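Trainee:
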Amino acid sequence: MIIQFKKATKRFGGLAALDNVSFEVKKGEFVFITGPSGAGKTTILKMILGELVPDSGEVIVDGTDVRTIDSKELPYFRQKIGTVFQDFKVLHERTVGENVEVALAVIGLSQNDWEERVKHVLKLVGLSKQINLFPSQLSGGELQRVSLARALVVNPKILLADEPTGNLDWDTSDAIMKLFEKINEEGKTVVMATHNVEILKKYKKRVIHIEGGKISKA
Amino acid sequence: MSSIHLKTALDYIRRSPFQALAAIFVLSLTFFVATLVFVLAYSSSQLISYFETRPQVIAFLKDDATEDEVAALQHRLEGDTRIKEVKYVSKEEALSIYKKATSDNPLLGELVSPSIFPASLEFSVNDLNFAQSIIDEVKTEKNVDSVGFTAALGGESSLKDVVGRLRTITMYVRVGGLIFTGILALASFVVLLITISMRIATRREEVEILNLIGATQGFIRSPIIIEAFIYAVLGVVLGWIIAFTAILYLAPSAVLYFGEIPVLPRDTLSLFALFGVILGVELVSGFVLALSGSLFAISRVRRSR
Numbered sequence: 021m022i023i024q025f026k027k028a029t030k031r032f033g034g035l036a037a038l039d040n041v042s043f044e045v046k047k048g049e050f051v052f053i054t055g056p057s058g059a060g061k062t063t064i065l066k067m068i069l070g071e072l073v074p075d076s077g078e079v080i081v082d083g084t085d086v087r088t089i090d091s092k093e094l095p096y097f098r099q100k101i102g103t104v105f106q107d108f109k110v111l112h113e114r115t116v117g118e119n120v121e122v123a124l125a126v127i128g129l130s131q132n133d134w135e136e137r138v139k140h141v142l143k144l145v146g147l148s149k150q151i152n153l154f155p156s157q158l159s160g161g162e163l164q165r166v167s168l169a170r171a172l173v174v175n176p177k178i179l180l181a182d183e184p185t186g187n188l189d190w191d192t193s194d195a196i197m198k199l200f201e202k203i204n205e206e207g208k209t210v211v212m213a214t215h216n217v218e219i220l221k222k223y224k225k226r227v228i229h230i231e232g233g234k235i236s237k238a
Numbered sequence: 125m126s127s128i129h130l131k132t133a134l135d136y137i138r139r140s141p142f143q144a145l146a147a148i149f150v151l152s153l154t155f156f157v158a159t160l161v162f163v164l165a166y167s168s169s170q171l172i173s174y175f176e177t178r179p180q181v182i183a184f185l186k187d188d189a190t191e192d193e194v195a196a197l198q199h200r201l202e203g204d205t206r207i208k209e210v211k212y213v214s215k216e217e218a219l220s221i222y223k224k225a226t227s228d229n230p231l232l233g234e235l236v237s238p239s240i241f242p243a244s245l246e247f248s249v250n251d252l253n254f255a256q257s258i259i260d261e262v263k264t265e266k267n268v269d270s271v272g273f274t275a276a277l278g279g280e281s282s283l284k285d286v287v288g289r290l291r292t293i294t295m296y297v298r299v300g301g302l303i304f305t306g307i308l309a310l311a312s313f314v315v316l317l318i319t320i321s322m323r324i325a326t327r328r329e330e331v332e333i334l335n336l337i338g339a340t341q342g343f344i345r346s347p348i349i350i351e352a353f354i355y356a357v358l359g360v361v362l363g364w365i366i367a368f369t370a371i372l373y374l375a376p377s378a379v380l381y382f383g384e385i386p387v388l389p390r391d392t393l394s395l396f397a398l399f400g401v402i403l404g405v406e407l408v409s410g411f412v413l414a415l416s417g418s419l420f421a422i423s424r425v426r427r428s429r
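Protein chains in written order, with my numbering: chain W, 21 to 238; chain L, 125 to 429.
1) Given this structure, state the Cα-to-Cα distance separating residue 138/L from residue 406/L, to the nearest angstrom.
2) Per DSSP, what are the beta-bridge partners of residue 185/L in this structure?
3) Among the residues of its own chain, which have a CB less than 8 Å from the CB of residue 272/L, if the five just before and after it don't count?
4) Skipping 5 residues on each side, what residues in its chain have a beta carbon closer than 6 Å to that of residue 117/W?
5) From the DSSP secondary-structure annotation, give me the bridge partner or partners of residue 24/W.
6) Reducing DSSP to helix, strand and coil, say where residue 390/L ends up.
7) Grab me the residues of residue 160/W's own chain with a C-beta within less than 6 Å of its C-beta, minus the 5 sequence neighbours each way, in chain order.
8) If we require 4 or more residues per run, which alpha helix (DSSP H) segments fall completely within the stretch 185 to 223 of chain L?
9) Helix, strand or coil for residue 205/W per DSSP?
10) So the candidates are 306/L, 261/L, 148/L; which of them puts its Cα closest to the Cα of residue 353/L?
11) Note down, in chain order, each residue of its chain lying with its Cβ closer than 7 Å to the Cβ of residue 166/L, except the 5 sequence neighbours on either side.
12) Under 8 Å by Cβ, that's how I've got residue 356/L and residue 145/L pegged, so tell me the actual separation to the nearest angstrom.
13) Contact defined as beta carbons within less than 8 Å: I believe residue 303/L pairs with residue 324/L. What is the distance between those atoms, to the nearest angstrom?
14) Using a beta-carbon distance cut-off of less than 9 Å, what residues from the stretch 221 to 238 of chain W approach chain L?
15) What's the C-alpha gap between residue 64/W and residue 424/L?
16) Residue 111/W versus chain L: which residues are under 7 Å apart at the beta carbon?
17) When you compare the CB of residue 428/L with every CB in chain W, is at least one pair closer than 8 Å?
18) Indicate whether at least one CB of chain L lies closer than 8 Å to the CB of residue 103/W.
19) Just the C-alpha distance for residue 122/W and residue 35/W, rounded to the nearest angstrom, thanks.
20) Could you give the residue range of the alpha helix (DSSP H) that holds residue 138/W?
21) Answer with yes or no whether the minimum CB distance from residue 290/L to chain W is below 8 Å.
22) Say whether the stretch 317 to 333 of chain L touches the stretch 209 to 223 of chain W, bearing in mind that this needs 3 or more beta-carbon pairs closer than 8 Å, one atom from each stretch.
23) What does residue 85/W pair with, by DSSP beta-bridge criteria?
24) Chain W beta carbons: is any one of them nearer than 8 Å to that of residue 402/L?
25) If you run the structure through DSSP and keep just helix, strand and coil, what is residue 107/W?
26) So, is the C-beta of residue 164/W closer than 8 Å to a C-beta in chain L?
27) Would you call the stretch 67 to 78 of chain W and the stretch 28 to 48 of chain W touching, i.e. three or more CB-CB distances under 8 Å?
Below, the structure written as structure tokens:
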């Protein structure tokens, strides 16, 4: 198991964002986390990323209990996880190529090895021609591909996606989903939070449904 | 990896050039003044050293003193640890000094003969606090006719007053210079702090993204610290160049005014060595200022989990 939630609970004030949640994700699995807004989907992703720690219970990611990670180890822990967000979170002052290069600089890869990896990953997401463009010159779908390329270029063990198609039309969403599926087929574990029913219908993957901080279907 | 940080830092500077200019201007002003204060401190210490090492006391010898007695007195003075550089000046040498001093009016020199000038023993004291007691002791020597002082500035009656006054002026120059430089350094620190804090505020989204993709704090901070270092280096070098140019421009007048007193090094190599040392010290100070300013600004941004 690459991800394990064992009776994990997280409260914000008096409100339980997650209440005694337990589930597991196998290595190489593609899992959808669904539920209405405020159900706790993003809290789960933030816990996997080590951004939040459970008040009680355990969250174990790739053999590491997130509660035991100190602030100095946290960046290295996160380097094993790729992230894609609804709002893309790209660096607006950098070109497509530079956005991807930043991730390689973060993991400390030698600059000599950047070019080949950047070209490979941009080809994979279909952005080879846009390498020197700035985010302001790209469409929503292209921005999401930049975000995906940045996540993939460091060869992460897990790919987290928080509503990656939330700001995209169906055709673009479908294209992005096909990319995620392709990446999953290559062996990457994908955990995607979404409430897009059409995507859930088309892509038959395991679904963890959460509502009011509790899992109703796993 | 460092090139990406340098590129990022240069990007920040390009994006807000007026903030950068403000920081560089204040730092330049600080190090311009600091360079002048350094040079003033050097010149004043040279000035004091010059006066302190001049023959300060002259013991005029009686005409009937024999060579042996004079030699014995000279030997005794040389053995005194409070006294340095004892020199015997014969009557002939005294006349020569007089003629040189009155060279603009040769007639004065022609009217005198060596016999009217007393031979003397000239010497300096290591510490002017001992001057009076030494003078009193030398006055009691049987071969000494009288004792006099060579320096007289501003009408002071004693050498101690002269050097004391010089020391006071020097102290005011140094303390005043240090306080002024300190105030400017504080202003530089604040401007640097504001510039870096504004940078951090505008970088908030970028920092959030970098945190999410696993950037270490060192990675996130590096461009900010490099930016501060760029300001410091430019500020130091600009301030130093302006001050150096101004001093080179004024040096001939200063040398002319102070005559043989070496308020500035006379040879080019020593002059460049002095300014090299000043530049080195200022670069280190600039780095400390940049590092402390940027780290202090960064420390204001706390992350919670």
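Even glycine gets a Cβ: it sits at the ideal position worked out from N, Cα and C. Values in this document were obtained by computation on a predicted structure and should not be read as measured data.
Mentor: Per the coordinate set shown:
1) Answer to the nearest angstrom: the Cα atoms are 25 Å apart.
2) Residue pairing by DSSP places residue 185/L opposite 268/L in a beta bridge.
3) 181, 182, 184
4) 138, 151
5) 44/W, 80/W
6) coil
7) 187, 188
8) Correct list: 191 to 203.
9) helix
10) 148/L
11) 398
12) In this structure residue 356/L is not in contact with residue 145/L, their Cβ atoms being roughly 15 Å apart against a cut-off of 8 Å.
13) Contact between residue 303/L and residue 324/L does not hold, since the beta-carbon distance rounds to 31 Å and is not under 8 Å.
14) none
15) For the pair residue 64/W and residue 424/L, the Cα-to-Cα distance works out to about 29 Å.
16) 330, 333
17) With a pLDDT of 43 at residue 428/L, under the threshold of 50, the modelled position of this residue cannot be trusted, and the question is left open.
18) yes
19) 37 Å
20) 134 to 145
21) no
22) no
23) 80/W
24) no
25) DSSP places residue 107/W in the coil class of the three-state scheme, outside both helix and strand.
26) Not one chain L Cβ lies under 8 Å of residue 164/W.
27) yes
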